[in-house]
């Protein structure tokens with residue numbers, strides 16, 4: 011090996027190291043998994059027994075990126091929670107709309123705002139929130 015080849019090899023290794031560093035520092039945009047996690051946390055937070063919350067049919071009905079880079083997600087599903095008597099009240103449909111964004115180039119995690127978080131108590135509320143159109147008729 012010549013000194014020239016060693017220098018070329020080191021330059022190549024330096025480029026690879028920089029690329030790997032860049033990829034490690036670049037955060038991933040929040041997606042469906044993160045939206046579901048945040049929606050569950052948001053709904054559970056206000057319950058009498060947050061650990062007792064049961065979810066089913068939870069899914070992201072819509073997710074898209076805005077021009078400012080934020081991700082808007084609509085999460086739908088059903089929630090069963092305990093009342094003051096420690097009894098489950100039955101599954102109720104819910105809608106959570108979130109705006110999510112990476113914290114920063116060097117930071118980890120996601121900042122988010124809740125646009126809407128609603129557990130629907132009646133068929134009338136379902137029509138007001140256009141649940142069937144927004145989510146799906148199968149919930």
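Numbering (my numbering), first residue to last: 11 to 149.
Here a beta-carbon is modelled for each residue, glycine too, at the ideal position from N, C-alpha and C.
- Where DSSP assigns a beta bridge to residue 98, which residues make up the other side? As a working mapping, residue 98 is identified with position 88 in the chain shown. Paired residues: 92.
- Item | Selected residue, minimal CA-CA separation from residue 124, among 68, 112, 89, 105 | For this step, residue 124 is matched to residue 114 along the chain shown. Closest option to residue 124, judged by alpha-carbon separation, among 68, 112, 89, 105: 105.
- Item | Residue environment, residue 46, which counts as buried when at least 16 other CB atoms sit within 10 Å | Within the chain shown, the letter at position 36 stands for residue 46. Buried: at least 16 other Cβ atoms inside 10 Å.
- Message: Counting beta carbon pairs with one atom in the region 54-61 and one in the region 70-81, are three or more of them shorter than 8 angstroms?
- Response: With the cut-off at 8 angstroms, the region 70-81 and the region 54-61 do not touch.
- Query: Does DSSP classify residue 53 as helix, strand or coil?
  - Reply: For this step, residue 53 is matched to residue 43 along the chain shown. In the three-state scheme derived from DSSP, where H, G and I count as helix and E and B as strand, residue 53 is classed as helix.
- Does DSSP put residue 145 in a helix, a strand or coil? Numbered from its first residue, the chain shown carries residue 145 at position 135. Residue state, collapsed to three classes: coil.
- Across which residues does DSSP place residue 65 in a beta bridge pair? Sequence index remark: in the chain shown, residue 65 carries index 55 (1-based). In the DSSP output, where bridge partners are listed per residue, residue 65 has 89.
- Helix, strand or coil: how does DSSP classify residue 136 here? Sequence index remark: in the chain shown, residue 136 carries index 126 (1-based). In this structure, residue 136 counts as helix in the three-state DSSP scheme.
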